[in-house]
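To start, the structure under review is shown below, and the notes come after it.
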Amino acid sequence: EAQVTQNPRYLITVTGKKLTVTCSQNMNHEYMSWYRQDPGLGLRQIYYSMNVEVTDKGDVPEGYKVSRKEKRNFPLILESPSPNQTSLYFCASSLSPQGFQPQHFGDGTRLSIL
Amino acid sequence: SQQGEEDPQALSIQEGENATMNCSYKTSINNLQWYRQNSGRGLVHLILIRSNEREKHSGRLRVTLDTSKKSSSLLITASRAADTASYFCATGSGGGADGLTFGKGTHLIIQP
């Protein structure tokens, strides 16, 4: 089954403790991206990747890092999480540039930073 | 970047009725997409309509696009309880450096 898998689905942690949210897709998609969803603000793009070793900032990249060492994986790294990063995070992938094609979303990761 | 804005923010109708949601955006686009999000889940792609198309159908869904008015509508016919969800429009300029820009969504409630 074609899918985007995120882990963990839920995480409560404390300020400053480094964490990684993993994302994996099995559709051989070149494009992957991370979004955060906050009430009243909708979905905002954090980072995206057009291919292996090619990543770029989205609209709200501050406080986040990503890497794309393999085509299928696109982890999101919070080196020093802060409470304002409490949010619902989504990973997505698409066959070609995001603006041309539908995106496939994971089920989300709800992060709470205390 | 351009942004889709959905209207209304919330909509409650009876099962069996039709639901219409609207989306407006600001700048020229390559395509416009509609997504559905069930509570606590990821977004699911519904329909993509390109800028040179005016109308598209998929099952009980009908999407229209008016590029002169920079607006789109999503019509769900014969609504069901399972259609209860949030619906988002997203605009794409088509460039590799530009992603999709999502609106804030319309929350649709279908009353049994």
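Chains as they are written, first to last, in the working numbering: chain A, 2 to 115; chain B, 6 to 117. We put the beta carbon where it would ideally sit given N, CA and C, even for glycine. Treat the numbers as computed from the prediction; the structure is a model and nothing was measured.
Pair every Cβ in the segment 106-116 of chain B with every Cβ in the segment 18-35 of chain B, then say whether three or more of these pairs are closer than 8 Å.
Yes, the segment 106-116 of chain B touches the segment 18-35 of chain B.
Near the ligand FAD: B/Ser29 beta-carbon under 7 Å from a heavy atom:
By its list of ligands, the structure shown contains no ligand whatsoever, and the ligand FAD lies outside what it can speak to.
Is the segment 103-115 of chain A in contact with the segment 6-23 of chain A, if contact means three or more CB pairs nearer than 8 Å?
Using a Cβ-Cβ distance cut-off of 8 Å, the segment 103-115 of chain A and the segment 6-23 of chain A are in contact, since at least three pairs of beta carbons, one from each stretch, lie closer than that value.
Run through DSSP, which three-state label would B/Lys43 get?
Translated into the one-based positions of the second sequence, residue 43 of chain B becomes position 38. Note that residue 43 of chain B is Asn in the sequence shown, not Lys. Three-state result, B/Asn43: coil.
So, with DSSP's three-state summary, where would you put B/Ser6?
Mapped onto the second sequence, residue 6 of chain B falls at position 1. The predicted position of B/Ser6 is uncertain, since its pLDDT is 44 and thus under 50; a value taken from the coordinates is nonetheless stated next. In the structure shown, the three-state DSSP call for B/Ser6 is coil.
Simplified DSSP state of A/Gln7, which is helix, strand or coil:
Locating residue 7 of chain A in the first sequence gives position 6, where the first residue counts as 1. Strand.
Going by the DSSP bridge assignment, what does A/Asp57 pair with across the sheet?
Counted from its first residue, the first sequence places residue 57 of chain A at position 56. Note: A/Asp57 sits in a beta bridge opposite A/Tyr49.
Measuring CB to CB, does A/Gln104 end up less than 8 Å from B/Leu79?
Locating residue 104 of chain A in the first sequence gives position 103, where the first residue counts as 1. Locating residue 79 of chain B in the second sequence gives position 74, where the first residue counts as 1. Taking 8 Å as the Cβ cut-off, A/Gln104 and B/Leu79 do not qualify as a contacting pair.
In chain order, what residues of the same chain have a beta carbon less than 6 Å from the beta carbon of B/Asp12, not counting five sequence neighbours either side?
For the purposes of this step, residue 12 of chain B is taken as residue 7 along the second sequence, with counting starting at 1. Excluding sequence neighbours, B/Asp12 sits near Asn27.
Flag B/Leu66 as yes if its beta-carbon sits less than 8 Å from any beta-carbon of chain A, otherwise no.
What you label residue 66 of chain B is simply residue 61 of the second sequence in a count that begins at 1. False, the Cβ-Cβ gap to chain A never drops below 8 Å.
Considering just the uninterrupted stretch of the beta strand (DSSP E) at A/Gln17, what are its terminal residues?
Locating residue 17 of chain A in the first sequence gives position 16, where the first residue counts as 1. The amino acid at residue 17 of chain A is misidentified as Gln; the sequence shows Gly. No beta strand (DSSP E) contains A/Gly17, which DSSP labels as neither H nor E.
Taking any Cβ of chain A, which residues in the segment 51-85 of chain B have a Cβ under 7 Å from it, in chain order?
So the list reads Leu53, given in the order they occur along the chain.
Starting from the beta carbon of B/Gly21, find every residue of chain A whose beta carbon is closer than 9 Å, and list them in chain order.
Taking the second sequence and counting its residues from 1, one reaches residue 21 of chain B at position 16. The contact set of B/Gly21 on chain A, defined by CB atoms closer than 9 Å, is empty, because the minimum CB distance reaches about 29 Å.
If I measure Cβ to Cβ from A/Ser97 and keep anything under 7 Å in the same chain, skipping five residues before and after, which residues do I get?
As a first step, residue 97 of chain A must be located in the first sequence, where it is residue number 96. The answer, listed in chain order, is Glu31 and Tyr32.
Which residues in the same chain as B/Ile54 place their Cβ atom closer than 6 Å to its Cβ, once the five residues preceding and following it in sequence are excluded?
Along the second sequence, read from residue 1 onward, the residue named residue 54 of chain B stands at position 49. If we look at B/Ile54 and ignore the five residues flanking it on each side, its Cβ neighbours are Leu37, Lys61, Val68 and Leu70.
Mind checking if B/Arg46 is an interface residue toward chain A, Cβ cutoff 8 Å exclusive?
Along the second sequence, read from residue 1 onward, the residue named residue 46 of chain B stands at position 41. Taking CB atoms only, B/Arg46 has a neighbour in chain A less than 8 Å away.
So, at 6 Å on beta carbons, what are the nonlocal neighbours of A/Ala3 in its own chain, with the 5 sequence-adjacent residues on each side left out?
If you number the first sequence from 1, residue 3 of chain A lands on position 2. Within the same chain, and ignoring the five residues on either side of A/Ala3 in sequence, the residues whose Cβ sits closer than 6 Å to its Cβ are Met28.
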